[in-house]
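Counted the way our numbering counts, the sequence shown spans residues 37 to 141.
We put the beta carbon where it would ideally sit given N, CA and C, even for glycine.
Quantities reported herein were computed from a predicted structural model and do not represent experimental measurements.
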Amino acid sequence: MTPALVLVMLLLSITAMPYAQWAGVVAVAFFSGLWILANGPMEGAVLLVVAPTHGLTAGDLVGLAGLAIAGGRGWVLWRARAEAAAASAAADEGADEAEPRRGSS
């Protein structure tokens, strides 16, 4: 797979993420990781040297940004699900208290 195709898939998955919910988060995380592995020909300048033969390049920042976007969107979806579950539990609890008990004459 060419790096350009991986980059296009990453950008498309970021664009579709709000509509795809969790599938979009997984797609963005997947293509971000794939970008970090496949971006060799498009890396650019070394920004941070980690070891004599390894470093953080400008091209790596695209993958890291994608992972950050996926993580942020995943957090928002997780919090929304937790809040909806809490609201549902509170509504169920309130409905149980409002119903008269039958057979307790």
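When the beta-carbon positions are compared, glycine 102 and tryptophan 71 come within less than 8 Å of each other. Bounds of any alpha helix (DSSP H) do not take in alanine 81, whose DSSP letter is neither H nor E. Ranked by how close their Cα comes to the Cα of phenylalanine 66, the residues Ala52, Ala106, Arg115 and Thr51 have Ala106 in first place. Just measuring C-alpha positions, the residue of Asn75, Ala56 and Pro54 sitting nearest valine 44 is Asn75.
Cβ contact annotation for glycine 99 (same chain, cutoff 6 Å, sequence separation greater than five): Ser68, Trp71 and Ile72, in chain order.
Annotation for threonine 93: the continuous beta strand (DSSP E) segment containing it runs 90 to 93. DSSP lists His90 as the beta-bridge partner residues of alanine 87. Following the DSSP letters along the chain, one finds glycine 60 inside the alpha helix (DSSP H) bounded by residues 58 to 74.
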